[in-house]
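See structure below.
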Amino acid sequence: MATWLFKEEPETYSFADLQRDGTTLWSGVANALAQKHLRAVKKGDRVFFYATGKVKAVIGVMLVTADPVPDPADESGKCVAVTVKPVRALAVPVTLAAIKADKAFAQWELVKQARLSVMPVPDALWAKVEKMGNG
DNA sequence: GCCAACGTTGGC
DNA sequence: GCCAACGTTGGC
Numbered sequence: 117m118a119t120w121l122f123k124e125e126p127e128t129y130s131f132a133d134l135q136r137d138g139t140t141l142w143s144g145v146a147n148a149l150a151q152k153h154l155r156a157v158k159k160g161d162r163v164f165f166y167a168t169g170k171v172k173a174v175i176g177v178m179l180v181t182a183d184p185v186p187d188p189a190d191e192s193g194k195c196v197a198v199t200v201k202p203v204r205a206l207a208v209p210v211t212l213a214a215i216k217a218d219k220a221f222a223q224w225e226l227v228k229q230a231r232l233s234v235m236p237v238p239d240a241l242w243a244k245v246e247k248m249g250n251g
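Be aware that the first sequence starts at 117, since it is given in the numbering used here, and climbs by one per residue.
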């Protein structure tokens, strides 16, 4: 099982929206590197929901419920999308500021490459964020 | 195929 | 609201 982080602007689609919907197709990822990561996602993988914009924090955990499929919104047919469902909201949001303040995260794409919207999460960092999110 | 110009994203 | 970083586009 691999672990990932997906970014979304909560005014576009929030974690609460996902909890309400029960499941959603994570589509509309256009960036080439983000697509490369997305194609490597597998059913059963876990994903952090990171809210951009005003929130700027990891706020929830999701589960991938199906392997990547062609993104129905993409006319080129090259992009993929994955289906996710919510697992739980973190007790405490893990803010970008808190992540940046800890040098263990210094090499992570979340810190180094602000515009990347899909990225892997190394095991050690996943455990650390989960611990920080438990409050 | 290169690169300048332009557009977009996301943090501040 | 601004701007840095980065991606994309289009002219050559």
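Positions of the beta carbon are idealized from the N, C-alpha and C atoms, including for glycine.
Here the structure is a predicted model, which is why all the values come from computation and not from measurement.
Do residue j and residue i have their beta-carbon atoms positioned less than 9 Å apart in this structure?
| i | j | result |
| --- | --- | --- |
| T168 | V185 | no |
| E246 | M235 | no |
| V237 | T140 | no |
| V163 | V180 | yes |
| M117 | K152 | no |
| A205 | G176 | yes |
| P209 | G249 | yes |
Could you give the residue range of the beta strand (DSSP E) that holds residue i?
| i | result |
| --- | --- |
| R204 | V196 to T211 |
| L121 | T119 to E124 |
| L226 | Per DSSP, L226 belongs to no beta strand (DSSP E); it is in the alpha helix (DSSP H), E225 to K228. |
| D183 | A173 to P186 |
| T168 | Where T168 is concerned, there is no enclosing beta strand (DSSP E), given that its DSSP letter is neither H nor E. |
| T140 | T140 to W142 |
| V234 | V234 to P236 |
Return the first residue and the last residue of the alpha helix (DSSP H) that residue i is part of.
| i | result |
| --- | --- |
| A240 | D239 to G249 |
| F131 | F131 to D137 |
| A150 | A148 to R155 |
Rounded to whole angstroms, how far is the Cβ of residue i from the Cβ of residue j, which I believe are closer than 8 Å?
| i | j | result |
| --- | --- | --- |
| A217 | W142 | Contact doesn't hold; Cβ gap of about 29 Å is too wide. |
State buried or exposed for residue i, treating a residue as buried only when at least 16 other CB atoms are found within 10 Å of its CB.
| i | result |
| --- | --- |
| A111 | Summary: the structure shown does not reach residue 111, with the chain confined to residues 117 through 251, and so no result is reported for it. |
| A150 | buried |
| S233 | buried |
| D133 | exposed |
| D239 | exposed |
| D137 | exposed |
* Is the segment 121–133 touching the segment 157–176, taking contact as three or more C-beta pairs under 8 Å? -> yes
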